[in-house]
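Below: the structure, in structure tokens.
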Amino acid sequence: MIQLVFATNNTHKLDEVREVVGNKFHIQTLADIGCTDDIPETGDTFEANASQKSTYLYSRYGCDCFADDSGLEVAALANEPGVYSARYSGTRDMEKNIDLLLHRLGDRPDRAARFRTVISLRIGDDEHFFEGVIEGQIGYERQGNGGFGYDPLFTPNGYVKTFAQMTPSEKNAISHRAIAVAKLADFLKTKF
Ligand code: ITT
0 MIQLVFATNN
10 THKLDEVREV
20 VGNKFHIQTL
30 ADIGCTDDIP
40 ETGDTFEANA
50 SQKSTYLYSR
60 YGCDCFADDS
70 GLEVAALANE
80 PGVYSARYSG
90 TRDMEKNIDL
100 LLHRLGDRPD
110 RAARFRTVIS
120 LRIGDDEHFF
130 EGVIEGQIGY
140 ERQGNGGFGY
150 DPLFTPNGYV
160 KTFAQMTPSE
170 KNAISHRAIA
180 VAKLADFLKT
190 KF
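Counted the way numbering that gives the first Met the number 0 counts, the sequence shown spans residues 0 to 191.
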């Protein structure tokens with residue numbers, strides 16, 4: 000079976016990707032290969048950051064791997080927080096990040112937003128990108144306890160529950176990450 004290292008320190012991402020992939024291929028963690036490095040992430044696009052993470056891992060550890068860079072783009076805030084989603088308030092504290100987003104949006108009626116994931120896959124010297132996007136709306140307050148990150152604020156278009164009110168499998172049936180991972184899995188199926 001194909002083995003790939005997922006270059007992430009975010010255990011929520013790992014759980015989501017493992018659920019979507021099932022037994023199609025085997026995902027190893029950074030811990031599995033003994034990597035405790037703080038992998039740099041200094042780009043200003045999702046593509047650049049995903050590539051930076053997978054390239055770092057491939058060049059130091061020589062393993063086939065992939066990395067996901069993702070975030071929330073809010074139309075009325077000129078697509079903020081975007082690549083800064085994880086540290087929007089200057090910290091990784093999601094309570095503060097969510098508070099800042101709600102503060103900046105205020106009571107504006109235009110609450111359109113999208114989650115975007117870009118995956119960079121490194122197999123040998125080859126690199127391939129896969130993207131997933133889901134459009135939705137930002138709420139006026141948090142709703143739900145599931146998921147992670149900005150999930151309590153985001154209701155996908157056509158649904159009444161936020162990602163945080165959905166079960167993991169409900170979120171994984173439609174999410175930006177699931178869309179990107181499904182493309183990755185299809186690609187691997189044709190190649191191996
Ligand atoms: P790695 O870089 O180690 O993978 P990270 O959490 O730093 O983990 P990113 O740099 O890709 O990941 O930052 C993405 C941030 O965007 C993440 O911390 C969340 O705040 C937010 N985010 C991404 N996907 C999300 C999702 O499915 N639901 C809610 N928030 C999400």
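Backbone N, C-alpha and C fix where the C-beta goes; we use that ideal spot for every residue, glycine too. This structure is a prediction, so every number in the text was calculated from the model and none was measured.
Using the rule of at least 16 other Cβ atoms within 10 Å of the residue's Cβ for burial, across every protein chain shown, is residue i buried or exposed?
| i | result |
| --- | --- |
| Arg59 | exposed |
| Asp43 | exposed |
| Asp150 | buried |
| Gly135 | buried |
| Tyr87 | buried |
| Tyr139 | exposed |
| Pro39 | exposed |
If you follow the alpha helix (DSSP H) that residue i is part of, which residue opens it and which one closes it?
| i | result |
| --- | --- |
| Leu99 | Met93 to Leu104 |
| Pro167 | Pro167 to Ile173 |
| Leu56 | Phe45 to Tyr60 |
| Val16 | Thr10 to Val20 |
Hey, how far is the Cα of residue i from the Cα of residue j?
| i | j | result |
| --- | --- | --- |
| Gln27 | Asp124 | 19 Å |
| Phe191 | Thr41 | 32 Å |
| Leu99 | Tyr83 | 12 Å |
Closer than 7 Å: is that where the CB of residue i sits relative to any heavy atom of the ligand ITT?
| i | result |
| --- | --- |
| Asn8 | yes |
| Leu71 | yes |
| Met93 | yes |
| Glu134 | no |
| Gly145 | no |
| Phe148 | Note that residue 148 is Gly in the sequence shown here, rather than Phe. Checking the Cβ of Gly148 against the ligand ITT gives yes. |
| Phe162 | yes |
Provide the residue span of the beta strand (DSSP E) that contains residue i, from first to last.
| i | result |
| --- | --- |
| Gln142 | First-last for Gln142: undefined, no H or E at that position. |
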